[in-house]
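Report on one structure; see the data block that follows.
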C-alpha cells in the first residue's frame, strides 16, 4: 500500500506518461519527473502494482539524468560537487514529458544548462530552460542508471542567459526554442 501511495503522490507532483508498445518492447512503463529532481524515473507499472513489491524499489527500472553535471561554485556550501546531483535550493528541473512514437522522449527542463551562479543564488528564473531529448530504449537500460547516456540532445529555449527576463517572459525576448517551460 505504501508503494501505491508513493506512486500516486509522484504522479500527482510530477508528470507520468505511459509509453506505447511502439516506444518499447515491454511495459507498460511510467516515466515520472519531479520538480526538483534532474532525472526521469522509469517505473514498471505491473511491478509497482504487485503487493510483493510494497515498500521496495523493485518497480524502478532506472533513473535517467536529463542534464549534465554543472560544477558548483562552492561545493562545501551545497555538500555536493555538482549541481543536479543533489537538491539545490534554487533549482527547478524537469516537469513535463512527451513520448513520441519514434522512440524518443521530450522532457521540459525548467533550468536547462543553467549557470552555477544563477542556481546557487536561489533565483530559479533568468536563465534559459531546455527541452532534453532522450532515447527511450536507452532510458530502460539498467547500465544507464543515473547517467546522461540516454540524452540525444538538449534544445535551449526561453530567454538568453544574460537577459533580465525569465523563460516565462511571454514573448518579450526572442526564444531559441518556442517553449514557456516554467509555465508547463
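Residue numbers (our numbering): 338 to 521.
Each residue gets a CB set at the ideal place from its N, CA and C atoms; glycine is no exception.
Selection 387, 389 and 443 evaluated against residue 369 yields 443 as nearest (Cα-Cα). Per DSSP, the continuous beta strand (DSSP E) segment holding residue 379 begins and ends at 376-381. Beta-bridge partners of residue 442 (DSSP): 436 and 471.
The C-alpha of residue 440 is placed about 18 angstroms away from the C-alpha of residue 376. Only residues of its own chain outside the window of five on either side were considered, and among them 475 have a CB closer than 7 angstroms to the CB of residue 486, listed in chain order. Inclusion of residue 467 and residue 483 in the CB contact set at 8 angstroms is not warranted, their separation being larger than that value.
Contact between residue 492 and residue 401 fails: their C-beta atoms lie close to 17 angstroms from each other, not under 8 angstroms. In the structure shown, residue 487 adopts coil according to DSSP, grouped into three states. If you check the CB distance, residue 385 and residue 396 come in under 8 angstroms.
The beta carbons of residue 477 and residue 398 sit about 6 angstroms from each other, so the pair counts as a contact at 8 angstroms. Between residue 489 and the set 405, 433, 365 and 480, the nearest pair of CA atoms involves 405. Boundaries of the beta strand (DSSP E) harbouring residue 367: 366-369, taken from the DSSP string. In the DSSP assignment, residue 398 falls within the unbroken beta strand (DSSP E) covering 397-402. The Cβ neighbour count for residue 473, taken over all protein chains shown within 10 Å, is at least 16; the residue is labelled buried.
Rounded to the nearest whole angstrom, the C-alpha separation of residue 387 and residue 469 is 32 angstroms.
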